[in-house]
Amino acid sequence: MKTITFIGFGAFGQAVAHVLLKKQGLQIRAWDVQDTGQECQVKDVSDALKDADMIFFAVPSQFFASCIGSIGGIDESSILVTGTKGMDPKTNELPFEILKKQFPNNPIAVLSGPMLADELVAGKSTSASIASDDPNVASRIQELFSGTQVELELSEDVLGTAALGVIKNVYVLALGLSDGLGLGLDFKAVLVEKARAEMMIILNRLGAKQDSIDTPAGMGDFLATGYSESSRNYQYGFGFATGNIQGGKTVEGLKNIENLSARLGDISGLSFLSAVRSIFIDQADPRTALEDLIK
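In the UniProt record's numbering, the protein residues as written are 1 to 295.
Structure, rendered in structure tokens:
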């Protein structure tokens, strides 16, 4: 692959591009609705898509469907990769499902894992999951990242890899909340254990593979996000507890509480998700709800 195009060039898209720019022989292009000031950004989306071997989508989930619906001129040979973690606010669809509907003949993959933007830019090493129905497609993307700081682990569980990006963001809200309430590391460790068990149940109910929990896209991403003060979902949970919520940033976990609940239907047997929903949607007492969760 020689030409890589980024659709959506915020902090995460720029961080992934930063990783790939270190490789020789690649042409990086980007398009975004806002001017990022980056040299590789072009004004016309058609110029960005021309002759692209791989198109990487890093558009916030609430705008994903409208963005994809407005894009044309994608060659059927282009590999489409989504790094967006979230669900459509109207249909509860995952980003890869939207791509499949819009571009049914293109190869599609999901990239997910512990990839904090600031750490990628700082050159720190990590591992992530690359999932595709076609193992050859996943292998090509793995080869693209070979020699960089990001080691890719192959997966054929596209649904699980994508769903975990949603589930972990919702559950990370509770980890930030726990820290904001000063409940301690022991308490937080119990939350992590309970979250892991419930995330496996959710994967099964969605029709994904339960063992995807033990991949970079699963516990790897959950732990990195849940212990990172730079994570927006962690920050929101922490700020919710301390009364210091910072506005102006997309908090995917908060937006996806309702979407995940709607997609699952009955969540009465999912005590962790029910607790998160009661706190952030129904305004239940945070300390009481979390403490009841571990009893």
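Ideal placement from N, C-alpha and C gives every residue a C-beta, glycine not left out.
Source: prediction; values computed, not measured.
Q. With C-beta atoms as the reference, is Q27 less than 8 Å away from T3?
A. It is a contact, given that the beta carbons lie within the stated cut-off.
| said: Please list the terminal residues of the continuous beta strand (DSSP E) segment that includes V251. | reply: Following the DSSP letters along the chain, one finds V251 in no beta strand (DSSP E), marked with neither H nor E.
Fill in: L290 to P89 span [Cα, whole Å]
Each residue's Cα considered, the two are about 26 Å apart.
Sequence-distant residues of the same chain with beta carbon closer than 6 Å to A284, five excluded per side:
Non-local C-beta neighbours of A284 in its own chain, meaning closer than 6 Å and more than five positions away in sequence, comprise S278, ordered along the chain.
Check: Are the Cβ atoms of E252 and K85 separated by less than 8 Å?
Finding: For E252 and K85, yes; Cβs fall inside 8 Å.
**Message:** Looking at the secondary structure, which residues open and close the beta strand (DSSP E) in which M54 lies?
**Reply:** Following the DSSP letters along the chain, one finds M54 inside the beta strand (DSSP E) bounded by residues 54-57.
Discussion item. If you measure between the beta carbons of F240 and G184, is that distance less than 8 Å?
Written reply: F240 is not a Cβ neighbour of G184, given a cutoff of 8 Å.
Can you check whether the CB of I7 is closer than 8 Å to the CB of I79? Not a contact, by the Cβ cut-off of 8 Å.
- Which same chain residues, not among the five before or five after D134, have their C-beta less than 7 Å away from its C-beta? Here D134 has P107 as same chain residues with Cβ atoms under 7 Å from its own Cβ, once five neighbours each way along the sequence are excluded.
query: Taking the alpha carbon of G72 as the point to measure from, which residue in L152, F103, P95, M87 has its own alpha carbon closest?
result: Measuring from the Cα of G72, the nearest candidate turns out to be F103.
Bounding residues of the beta strand (DSSP E) (the contiguous stretch that carries I267): For I267, there is no enclosing beta strand (DSSP E), as DSSP gives it neither H nor E.
- CB contact flag (N256, V166, <8 Å): With a cutoff of 8 Å on beta-carbon distance, N256 and V166 are scored as near each other.
Quiz prompt | 6 Å CB neighbourhood of L164 in its chain, flanking five on each side removed | solution = Correct list, in chain order: A217, G218.
- prompt: DSSP beta-bridge partners for I7?
  reply: Residue pairing from DSSP places I7 in a beta bridge opposite W31, F57.
* To do: Name, in chain order, the residues that DSSP records as bridge partners for V190.
  => BP columns for V190 are empty, so no partner.
Within its chain, find whatever has a CB closer than 7 Å to the CB of E93; leave out the 5 residues flanking it on each side and keep chain order. Residues M87 of the same chain have their beta carbon placed closer than 7 Å to that of E93, with the five preceding and five following residues left out of the count.
>> Does T288 come out as helix, strand or coil in the three-state DSSP assignment?
In response: For T288, the three-state secondary structure derived from DSSP is helix.
F9 beta carbon less than 8 Å from that of A30: Against a cut-off of 8 Å, the Cβ pair of F9 and A30 comes out as a contact.
Item to complete: At 3 residues or longer, and completely inside the region 116-182: list those beta strand (DSSP E) runs for me, N to C.
Response: The region 116-182 contains these whole beta strand (DSSP E) runs: 126-132, 150-155.
Rounded C-alpha distance that separates A65 from N244: For the pair A65 and N244, the Cα-to-Cα distance works out to about 32 Å.
- Straight-line Cα distance separating F12 from I213: For I213 and F12, the distance between alpha carbons rounds to 23 Å.
Exercise for review: On a CA-only basis, which of L49, V121, L99, D75 is nearest A17? Give me that one, please.
Suggested key: Of L49, V121, L99, D75, the residue nearest in Cα terms is V121.
Item to check | Endpoints, alpha helix (DSSP H) assigned at L223 | outcome: Here the alpha helix (DSSP H) through L223 covers 221-226.
G160: buried (16+ other C-beta within 10 angstroms of its C-beta) or exposed? By the 10 Å Cβ count, G160 comes out buried.
Contact between the region 262-272 and the region 198-211 is defined here as three or more beta-carbon pairs at a separation below 8 Å; is this criterion met?
Cβ pair count under 8 Å is three or more, so yes.
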